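In order, the protein sequences belong to chains A and B. Offset between the first sequence (1-based) and my numbering: plus 64. Offset between the second sequence (1-based) and my numbering: plus 64. Virtual Cβ for every residue (Gly too), placed ideally from N, Cα, C. Computed from a prediction, not measured in an experiment: that's the story for all the values here. For reference, the structure is listed below as structure tokens.
Protein chains: 2
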Amino acid sequence: MKIGFIGLGVMGRPMAGHLIATGHNVFLHRVKEVSQDLVTAGGIALDSAAAVAAASEVVVLMLPDTPDVEEVLFGDHGVASCLQDGALVIDMSSISPVATREFAARITAQGADWVDAPVSGGEAGAKNAALTIMAGGTEAAFARAKPILEVMGKRITHIGSAGDGQVAKVCNQVIVGLTIEAVAEGLFLAARAGADPARVREALTGGFADSAILKVHGERMIDEAFAPGFRIALHRKDLGLAIDAARALDVALPNTAMVHQLMGAAIGRGDGDLDHSALIRNLQVLASGE
Amino acid sequence: MKIGFIGLGVMGRPMAGHLIATGHNVFLHRVKEVSQDLVTAGGIALDSAAAVAAASEVVVLMLPDTPDVEEVLFGDHGVASCLQDGALVIDMSSISPVATREFAARITAQGADWVDAPVSGGEAGAKNAALTIMAGGTEAAFARAKPILEVMGKRITHIGSAGDGQVAKVCNQVIVGLTIEAVAEGLFLAARAGADPARVREALTGGFADSAILKVHGERMIDEAFAPGFRIALHRKDLGLAIDAARALDVALPNTAMVHQLMGAAIGRGDGDLDHSALIRNLQVLASGE
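Structure, rendered in structure tokens:
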């Protein structure tokens, strides 16, 4: 199949690589030195998003944020300007659910299909084709996208209509961020109260306090091993999407707001490029000034 | 062995029952109509905590809160007044770590051993002898307590010195409470943003957002099945222990403080006897007034 792939960052490069390795004709835009191996492997570099769209039955996006997706879709020489009749656009970026619904409406008005399919699982998941994928779109659009998503991910769920994939991703980031804060406050209190946090973590594994975060991020907190992983700065972007959605919906998310603020303080302090398990440092800095 | 057991509530009754069934001579205090079957099974009812202590090599407590433990240990006709030389006191209640260190010092000053061994796992864990137990005390005291704890629990961890069992339990309740709020804010946002929270929960299972809370309490939130389980009123008591410890240590636990407040609002609204998964109702009430 002829597939366009736009967004060759840390995540996009291995994802596009899997599509090339599967034998698809993959058209790429913005190929830099770091992604030359994709061309060596058979990918075809083109000069604009419009050229990629003109060449492709399916266009996949994996971009940093909402404005990037808007620019690539609807900017000058954008995807929308040269979209094939009956094409399928799959946006795998993590961006605003509200903007996504608008983008989907504009793309489907052109007679194309839309699927938003943000991922979790990070760089390792991208490299191992083991991403968790949350998809929004019509049944028909999802059915078209599924075989392509299966090249890049393992656990693929059709959540609902366009935008619902992004809603699920934001929800994921809320739960992950607040669970990290939960584990941080628990283990920090344990340490300050004189108990060995490693023993406490071990005792709690297997009970109701157990989580992927307690296992993985709890260990990072105890070892102070804060190399990312997933950076605090990126996680704040995602919680910002939750805060924006809450504002648009006029609802309150008290602990999401608190963690969003605490992430901001960590970034201001210079911890933005640390793994999000380093949120425990907020508590230490607050209590001790360092 | 001659074992005293004081505190025959929802948890204590089945726990004492396991000790009787194992063939120990179990001395009981405050036997009410609901616990008569323990006497039928071979338990021996006595008139005071002092009488229980006088008859027992090991005294087990399973009481509601810190003042109850203080009264039973050090009040009139309390355990301390008639403790055998070289006895072992095992406090399985969930109470203040700070008070526990003081109680342990007073008991060991009488030449007895002390173990604090609070549990998690709830009524089902108590009935099935499958409690998770977090113990504090000397190595020697823990070694004495272990065979008795093994009659009531499955996962038994020696955290550290006296009081550290209670620290671990408070830490457990912080992580559980804040993870419930994490799942509540995520699933509430999903629902308000128009996605099916059941599909979102399914998509997130297996990833970093996964937890025992997402599985069990997430499902209760979606089904609005709020029969306890573990009551919000009891959980607020436990977070109160965390808040008290944070105050004593002069440290800040921002999300613990927020959840403690939100639990208070839920209790004020009449939701205190609902399962703690009903914390999601705070968000609904805040947004809609009902």
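Inset, instruction - Using beta-carbon positions only, say whether B:A309 and A:I239 come within less than 7 Å of one another. - result: The answer is no: Cβ separation not under 7 Å.
Legend entry - Helix, strand or coil at B:H299 according to DSSP, with G and I counted as helix: Secondary structure at B:H299: helix, using DSSP grouped into helix, strand and coil.
Inset, instruction - Take every Cβ of the segment 126-146 of chain A, pair it with every Cβ of the segment 101-109 of chain A, and state whether three or more of those distances are shorter than 8 Å. - result: Segments in contact, no.
Inset, instruction - May I ask you to report which of helix, strand or coil DSSP gives B:T104? - result: In this structure, B:T104 counts as helix in the three-state DSSP scheme.
Legend entry - Three-state secondary structure assigned by DSSP to A:L147: Coil at A:L147, not helix or strand.
Inset, instruction - Answer yes or no: do B:G227 and B:G200 have a C-beta to C-beta separation smaller than 7 Å? - result: Cβ distance < 7 Å, so B:G227 and B:G200 count as in contact.
Inset, instruction - Round the Cβ separation of B:L303 and B:G241 to the nearest angstrom and send it over; I've been treating them as touching at under 8 Å. - result: Right, the Cβ-Cβ distance comes to about 6 Å (below 8 Å), so this counts as a contact.
Inset, instruction - Check whether the Cβ atoms of B:R300 and B:M327 sit closer than 7 Å, and answer yes or no. - result: Their beta carbons are under 7 Å apart, which means B:R300 touches B:M327 by this criterion.
Inset, instruction - Give a yes or no on whether the C-beta atoms belonging to B:F272 and B:A342 are separated by under 7 Å. - result: Against a cut-off of 7 Å, the Cβ pair of B:A342 and B:F272 comes out as no contact.
Inset, instruction - Name, in chain order, the residues that DSSP records as bridge partners for B:G293. - result: Note: B:G293 is not bridge-paired with any residue in the DSSP secondary-structure output.
Inset, instruction - Go to B:N89, then tell me how far its beta strand (DSSP E) extends in each direction, as first and last residue. - result: From DSSP, the beta strand (DSSP E) with B:N89 extends over 89-93.
Inset, instruction - Going by CA-CA distance only, name the one from A:G224, A:K279, A:G185 that's closest to A:I244. - result: Ranked by Cα distance from A:I244, the first of A:G224, A:K279, A:G185 is A:K279.
Inset, instruction - Report buried or exposed for B:P78, applying the criterion of at least 16 other Cβ atoms within 10 angstroms of its Cβ. - result: Its Cβ being crowded by 16 or more others within 10 Å, B:P78 is buried.
Inset, instruction - With DSSP collapsed to three states, give me the class of B:I159. - result: Three-state DSSP puts B:I159 in coil, outside helix and strand.
Inset, instruction - Apply the 10 Å Cβ neighbour rule to A:G81 and answer buried if 16 or more other Cβ atoms are within range, or exposed otherwise. - result: Around the beta carbon of A:G81, a 10 Å sphere encloses 16 or more other beta carbons of the protein chains shown; the residue is thus reported as buried.
Inset, instruction - Assign A:A173 to one of three DSSP states: helix, strand, or coil. - result: It is helical.
Legend entry - Which residues DSSP lists as bridging B:M198, in chain order: For B:M198, the pairing in a beta bridge is given by DSSP as B:T221.
Inset, instruction - Quick one: give me the first and last residue of the alpha helix (DSSP H) that A:F252 is part of. - result: For A:F252, the uninterrupted alpha helix (DSSP H) run begins and ends at 228-256, by DSSP.
Legend entry - Host alpha helix (DSSP H) of A:V280 (start-end): That run of the alpha helix (DSSP H) goes 276-287.
Inset, instruction - With a 10 Å radius around its C-beta and 16 neighbouring C-beta atoms as the bar for buried, classify B:Q386 as buried or exposed. - result: Absent from the model: residue 386 of chain B. The displayed extent of chain B is 65 to 354, so no value can be given.
Legend entry - Expected contact under 8 Å - CB spacing of B:V103 and B:G68 to nearest Å: 14 Å between Cβ atoms; not a contact.
Legend entry - Nearest-angstrom Cα separation, counted from A:L213 out to A:H340: If you take the alpha carbons of A:H340 and A:L213, they lie about 27 Å apart.
Inset, instruction - May I have the straight-line CA-CA distance separating B:R208 from B:R311, to the nearest angstrom? - result: Distance between the alpha carbons of B:R208 and B:R311 is about 34 Å.
Inset, instruction - Specify the secondary structure class of A:K356 as computed by DSSP and reduced to three states. - result: Examination of residue 356 of chain A is not possible in this model, given that chain A is present from 65 through 354 alone.
Inset, instruction - Leaving out five residues on either side along the sequence, give the residues of the same chain with a beta carbon under 7 Å from the beta carbon of A:I84. - result: Within the same chain, and ignoring the five residues on either side of A:I84 in sequence, the residues whose Cβ sits closer than 7 Å to its Cβ are V90, L102, A105, G106, G107.
Legend entry - Bridge partners - B:L125, DSSP secondary structure assignment: DSSP output for B:L125 lists B:I70, B:D155 as bridge partner(s).
Inset, instruction - Assign B:A211 to buried or exposed, taking buried as 16 or more other Cβ atoms, counted over all protein chains shown, within 10 Å of its Cβ. - result: In the sequence as presented, Ala is not what sits at residue 211 of chain B; that position holds Pro. The residue is exposed, with fewer than 16 neighbouring Cβ atoms inside 10 Å.
Inset, instruction - Return the Cβ separation of B:A163 and A:V264 in integer angstroms, given the expectation that the two are a contact with Cβ distance under 8 Å. - result: Actually they are not in contact, since the Cβ atoms of B:A163 and A:V264 sit about 19 Å apart, beyond 8 Å.
Legend entry - Expected contact under 8 Å - CB spacing of A:D177 and A:A144 to nearest Å: The C-beta distance from A:D177 to A:A144 rounds to 14 Å, too long to meet the 8 Å contact threshold.
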